[in-house]
Amino acid sequence: TFLVYTITLYTKEALVRAKIGQRNDHTFCGVEATLEVIGGKWKGVILYHLVPETLRFGELGKLMPKITQRMLTRQLRELEGDGLVHRKVYPVVPPRVEYSLTERGRTLAPLIMQLKNWGDAYLSKEQPGTGFDTETPGD
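What follows is the structure, encoded as structure tokens:
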């Protein structure tokens, strides 16, 4: 199992590098790599909900009512494959599965919270003094 997991992680990192660095290795950018791993509609939201606590699959689903079970499962599997989320299965009936951030996933907590704060400020952009002026510099 360890060998398969190690190969899976290595392969995922190789795929990210290949996907992003199709031009050549000199154009590989950390922002591109980050967005490849946590980008998309749901991964950031999932990570945000896992920052403060461990959650069960159903609890995550309730916090994000617009996500389908299939998409939630897919996104959690990708985050787990990237080493950001830990999936713990309890041997009980009915099955009990909990998700939490790994140590590597926890390193994203400050970034996720900054994204949340930026988004909150952006949503209130119509209020004066928020720093999100619609005019471009030099107008």
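Add 10 to the 1-based position in the sequence shown for the numbering used here, that's all there is to it. All C-beta atoms, glycine included, are put in the ideal place defined by N, C-alpha and C. This one's a predicted model, so the numbers in the text were calculated from it and none came from an experiment.
Asked                                                                                                                                                                                 : Found
Evaluate contact between the region 73 to 86 and the region 51 to 63, counting only Cβ atoms and requiring at least three cross-stretch pairs below 8 Å.                              : yes
Who are the near neighbours of G40 in its chain, counting only those whose CB is closer than 7 Å to its CB and skipping five residues on each side?                                   : none
Determine the direct distance from the alpha carbon of A131 to that of P105, and round the result to whole angstroms.                                                                 : 40 Å
Give every residue of the same chain whose Cβ lies closer than 8 Å to the Cβ of T112, excluding the five residues on either side of it in the sequence, and list them in chain order. : G93, L94, V95 and H96
How is the alpha helix (DSSP H) around L111 delimited, first residue to last?                                                                                                         : Looking at the DSSP string, L111 is not in any alpha helix (DSSP H); the run it does join, the beta strand (DSSP E), is R106 to L111.
Restricting to runs no shorter than 4 residues, where is the alpha helix (DSSP H) found entirely within the region 46 to 73?                                                          : 53 to 60 and 67 to 73
Kindly indicate which three-state DSSP category V41 falls into: helix, strand or coil?                                                                                                : helix
Look at the alpha carbon of T78 and the alpha carbon of F67, and state the distance between them as a whole number of angstroms.                                                      : 12 Å
Would DSSP call K98 helix, strand or coil?                                                                                                                                            : strand
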